[in-house]
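Chemist: Mind having a look at this structure? Questions to follow.
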Amino acid sequence: MGDKSYYCDYCCCFLKNDVNVRKTHNSGLVHNMAKLRYMRRFEDPRKVLEQEAIKEPCMRYLNGKYCKFDLMCKFTHFNEAQLEHLRKMVKRLEKAQTSKVIDKRKKHNKIILPWYKSGEKNNKIINHKRLPESLQPINFDRINDEFLKLEWG
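With the working numbering, letter number 130 in the sequence shown gets 463, and the count goes up by one each step, no holes.
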């Protein structure tokens, strides 16, 4: 009845759909290493750089051999080019964060919606340039007498 197998996304394998089998698999070294490797992709680059910059290079791994400690190795598996790329990424992220702060401070061509109180911190601000033509405020300079005399329908 129902599915007879359980698929582990981290290890890419099928298991018997049994609580004890899943518990043993999830507590295993192979599963934990696969999970750690997967989660490492989503870590903050700044944090990874701090951790890897203080470590010495793993000679075994960097010489093209297999390091059995993988992500648990006390030495770094990043070469100088990869560390430099990571530094550039961190600088780019910091620059993007500072530019966001500067952009928030600029208030040119923006309008505060009238139904919000002026003293509130959460005033909704709309940038007219990003709105489609139909949602932009009416430009009365574009309306001429001929437009008003048109008959519709």
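Glycine included, C-beta positions come from ideal geometry on N, C-alpha and C.
1. Using only CA atoms, which one of Tyr343, Lys349 and Cys344 lies nearest to Lys337?
2. So what's Pro470 in DSSP terms, helix, strand or just coil?
3. What are the uninterrupted segments assigned as beta strand (DSSP E) that are 3 or more residues long and contained completely in the stretch 342-383, given in chain order?
4. Residues in the same chain with beta-carbon distance under 6 Å from Val423, minus the five sequence neighbours each way, listed in chain order, please.
5. Look at the alpha carbon of Ile471 and the alpha carbon of Glu484, and state the distance between them as a whole number of angstroms.
6. Do Asn412 and Leu395 have their CB atoms nearer than 9 Å?
7. Tyr394 lies in the alpha helix (DSSP H); which residues open and close that run?
Modeler: For this structure:
1. Stepping through the sequence shown from its first residue, residue 337 is reached at position 4. Checked all of Tyr343, Lys349 and Cys344; the closest Cα to Lys337 is Lys349.
2. Counting from 1 along the sequence shown, the entry for residue 470 is found at position 137. If DSSP states are grouped into helix, strand and coil, Pro470 belongs with coil.
3. 346-349
4. Within the sequence shown, numbered from 1, the residue matching residue 423 stands at position 90. Closer than 6 Å at Cβ, skipping near neighbours: Pro378, Arg379 and Leu382.
5. The residue labelled residue 471 in the question sits at position 138 within the sequence shown. The residue labelled residue 484 in the question sits at position 151 within the sequence shown. The alpha-carbon atoms of Ile471 and Glu484 are separated by roughly 20 Å.
6. Position 79 of the sequence shown, counted from the first residue, corresponds to residue 412. Position 62 of the sequence shown, counted from the first residue, corresponds to residue 395. Cβ atoms of Asn412 and Leu395: closer than 9 Å.
7. Along the sequence shown, one-based indexing puts residue 394 at 61. Looking at the DSSP string, the run of the alpha helix (DSSP H) that includes Tyr394 is Met392 to Leu395.
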